[in-house]
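Structure first, commentary second.
Residue numbers (the working numbering): 86 to 525.
Okay, here's the thing in structure tokens:
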């Protein structure tokens, strides 16, 4: 239950962010879904008089034949074979054109959302405090900016496609109810039972997705660390050790991908078997219990032939959605953490604007600083230092004495834990450090 709640929370946050930046395109996508839904319904209804013209029944199943004839009469046309065939082709062409438009719009939405996530994460990273950045694994951000953004953007595709499948399925069900409400209710009941039986496998996709996010991030981290330390690796002949470590994580990623494929294939297999059984049940019930006329039976088969694949696609889309949600959750977490560590806006140090000159000595007054996570030195305590104007000052000392720490404090990458840094008569602090850095 907790996992489901977490997935719903992540999904709501994703939808809210998506609507916040792409509202107009999403409205267009919704409108196209409605139009596609209408053409699907019209296409089915045109088949009713077409079957009658072909010699199957009287062409008035559930009043649909009369509705089509009335529509033709309103524009002064006789619903003969040629007119019905032209109408069927036009409706099919319109549906194909709308689907093409929807595909392009969906691609634009997906790429725009991916770009938004990528830029949000990158902007948060480059604007975060340097001390926070030093505590991060760069590979986490690189992995999120590349692989995770691509996976997260797939959420958009699945959401829109699932919405389209649900609406079109609703139209097909309504038409099927007019043909035979008894057979349709039996089919719906059996379909819900099948959907419920497959829910456990669909829900498992989120766990697989989270595992893939974690293992692939660790794989990128290990590769980055090994490549950055290749000189040391060669010096100590540790290539085999690093290769074994990389192989272990690579095999984990491969196993997770195979596990995800097995999960998809299992759901697909069960869906196809259930669909075949459902179709057989509907045909059996309509022939033996309901005694429907041949025209109604044929139309019902046509409807369910379109309906069953959409139910399978909806199930597959749900799996893909749950599989991609952990990627968005990771991006959201990294971006929120970095945004919380953003440096404050800066103000000018003096009133002379961009033509300002540096006047006076740079003075460290009882400055102390200690790293929160490092254990290899670099701390400084109660440092008093004067760097005279117009002269060259050198800071020397052994590794870990704090030379780089002094330089980072001077450039404002780090802030003193105590004490202060003074330039002339002005104190360098978080408010004006950006101005100060731009003049170094």
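All C-beta atoms in this analysis are idealised placements derived from N, C-alpha and C, irrespective of residue type, glycine included.
In terms of CA proximity to residue 474, 508 leads the group 363, 345, 489 and 508.
Distance from the CA of residue 311 to the CA of residue 327, rounded to the nearest whole angstrom, comes to 7 Å. The three-state secondary structure of residue 197, taken from DSSP, is helix. A straight-line Cα-Cα distance of about 7 Å links residue 303 and residue 334. In the DSSP assignment, residue 341 forms no beta bridge with any residue.
With contacts defined by Cβ atoms closer than 7 Å, residue 395 and residue 254 form a contacting pair. Judged by DSSP in its simplified three-state form, residue 469 adopts strand.
Nearest C-alpha to residue 446 among 470, 455 and 463: 470. Residue 356 and residue 348 have their C-alpha atoms some 12 Å from each other. Rounded to the nearest angstrom, the gap between the Cα atoms of residue 486 and residue 222 is 24 Å. For the set 231, 182 and 219, the Cα lying nearest the Cα of residue 416 is the one of 231. With respect to the C-alpha of residue 103, the residue from 92, 236 and 197 having the closest C-alpha is 197.
Of the residues assessed, residue 169 falls on the buried side of the cut-off, its CB having 16 or more other CB atoms within 10 angstroms.
Around residue 212, the same chain offers 427 and 428 as residues with beta carbons nearer than 7 Å, after the five sequence neighbours per side are excluded. The shortest CA-to-CA distance from residue 419 to any of 506, 226, 450 and 115 is the one to 226. Taking the Cα positions, residue 408 is about 11 Å away from residue 414.
Only exposed fits residue 189, as fewer than 16 other CB atoms lie within 10 angstroms of its CB. For the pair of segments examined, the stretch 361-372 was found not to touch the stretch 314-329: the number of CB pairs separated by less than 8 Å stays below three.
When C-alpha distances from residue 305 are compared across 468, 233, 425 and 411, the shortest belongs to 233. One thing to note: residue 95 has its Cβ within 7 Å of the Cβ of residue 410. For the 7 Å CB-CB criterion, residue 265 and residue 377 form a contact. A straight line joining the alpha-carbon of residue 510 with that of residue 448 spans about 10 Å.
Taken through DSSP and simplified to helix, strand or coil, residue 453 comes out as strand. Going by DSSP, residue 503 is part of the beta strand (DSSP E) stretching over 503-508. Annotation for residue 268: 367, 370, 371, 375 and 385 place their beta carbon closer than 7 Å to its own, counting only its chain and skipping 5 residues before and after.
For residue 237, the uninterrupted alpha helix (DSSP H) segment begins and ends at 234-264. Taking 7 Å as the cut-off, the Cβ atoms of residue 118 and residue 252 count as close.
In this structure, residue 453 lies near residue 502, with their beta-carbon atoms less than 7 Å apart.
In the DSSP assignment, residue 513 is bridged to 506. Straight-line spacing of the CA atoms in residue 210 and residue 216 works out to 12 Å. Nearest to residue 389 by C-alpha distance, out of 122, 316, 477 and 261, is 261.
Between residue 194 and residue 98, the beta carbon gap of about 17 Å keeps them out of contact (Cβ cut-off 8 Å).
Nearest in C-alpha terms to residue 516, of all of 202, 116, 128 and 214, is 214. If you compare the alpha carbons of 450, 307 and 126 with that of residue 467, the shortest gap goes to 450. The shortest CA-to-CA distance from residue 259 to any of 123, 296 and 192 is the one to 123.
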